[in-house]
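Everything in the sequence shown is counted per my numbering, starting at 360 for the first residue and increasing by one. Heads up, the thing below is written out as structure tokens.
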Amino acid sequence: MVLVQHEPIDGQALIRSVRTDRDGAVALFLGTVRDHTEGRSVTGLRYSAYEEMALQELKRVRDQALEQFEITRAAVVHRLGALEIGATSVAVAVAAPHRAAAFDACRFMIDTLKHTVPIWKKETFEDGEAWIEGED
360 MVLVQHEPID GQALIRSVRT DRDGAVALFL GTVRDHTEGR SVTGLRYSAY
410 EEMALQELKR VRDQALEQFE ITRAAVVHRL GALEIGATSV AVAVAAPHRA
460 AAFDACRFMI DTLKHTVPIW KKETFEDGEA WIEGED
């Protein structure tokens, strides 16, 4: 499963899409909208993307993880549109026979997509708004 979508992300569906009976581990990362950044109160944010290219790049990141790590399956979903505080903005799930590979691949995927996928974040503050570059 590799998706960009406007609907809320279902973490359990993501887990179901990667888990098999031969796996001993499933790592799940959920990125959520926090209420502050650099000392400023955040009231919400908006993700926009070049959707076709974002989807291609997310697939490339997933495929890289499948090649580089001893994992069974991997999935990633990124939200687009307006998100409220606490909403899940991105989710990565990785299944593997052992936990180390699952954790390592999950971290690789989120770290890589933050810097390579053409998805842009605009944060709204109590006193304005700003476009934010890919960060941790």
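Beta carbons: idealized from backbone N, C-alpha and C, even for Gly. Here the structure is a predicted model, which is why all the values come from computation and not from measurement.
Taking a contact to mean a Cβ-Cβ separation below 8 Å, would you say L417 touches V361 in this structure?
Taking the first residue of the sequence shown as position 1, residue 417 is located at position 58. Taking the first residue of the sequence shown as position 1, residue 361 is located at position 2. In this structure, V361 lies closer than 8 Å to L417 by Cβ.
What number of angstroms, rounded off, separates the C-alpha of P456 from the C-alpha of Q427?
Mapped onto the sequence shown, residue 456 falls at position 97. Mapped onto the sequence shown, residue 427 falls at position 68. Answer to the nearest angstrom: the Cα atoms are 15 Å apart.
Let's test the definition: count the other Cβ atoms within 10 Å of the Cβ of E379 and tell me whether it reaches 16, buried, or not, exposed.
Here residue 379 refers to the residue found at position 20 when the sequence shown is read from its first residue. The identity of residue 379 in the sequence shown is Thr, whereas the question assumes Glu. T379 comes out exposed.
Count Cβ pairs between the region 460 to 477 and the region 396 to 405 that sit closer than 8 Å; are there 3 or more?
Not touching, per the Cβ criterion.
Is the beta carbon of E492 sitting closer than 8 Å to the one on K481?
Counted from its first residue, the sequence shown places residue 492 at position 133. Counted from its first residue, the sequence shown places residue 481 at position 122. It is not a contact, given that the beta carbons lie outside the stated cut-off.
Can you give me the Cβ contacts of D495 inside the same chain, cut-off strictly under 6 Å, excluding the 5 residues immediately before and after it?
In the sequence shown, residue 495 corresponds to position 136, counting from 1. A caution first: D495 carries a pLDDT of 48, below 50, which makes its placement in the model unreliable, though a value can still be read off. Closer than 6 Å at the Cβ level, and outside the excluded window around D495, lies no residue.
By Cβ distance, which residues of its chain are closer than 8 Å to P477, with the 5 residues on each side in sequence left out?
Taking the sequence shown and counting its residues from 1, the one referred to as residue 477 is at position 118. Closer than 8 Å at the Cβ level, and outside the excluded window around P477, lie A408, Y409, M412, A413, E416.
In this structure, does DSSP put L373 in helix, strand or coil?
The sequence position of residue 373 within the sequence shown is 14, counting from 1. DSSP places L373 in helix when its eight states are reduced to three.
Pick out whichever of I444, A450, M468, D463 has its Cα sitting closest to the Cα of Q376.
Looking up residue 376 in the sequence shown gives position 17. Strictly speaking, residue 376 in this sequence is Ser, with Gln absent from that position. Nearest option by C-alpha distance: A450.
Per the DSSP calculation, Y409 is bridged to which residue(s)?
For the purposes of this step, residue 409 is taken as the residue at position 50 of the sequence shown. Answer is none; Y409 lacks a bridge partner.
Secondary structure at F467, three-state DSSP: helix, strand or coil?
Along the sequence shown, one-based indexing puts residue 467 at 108. Correct three-state label for F467: helix.
Let me know the secondary structure DSSP gives D495 once reduced to three states.
As a working mapping, residue 495 is identified with position 136 in the sequence shown. Residue confidence is low: D495 scores 48 on pLDDT, short of 50, so the model does not pin down where it sits. Its coordinate-derived value is still stated next. Coil at D495, not helix or strand.
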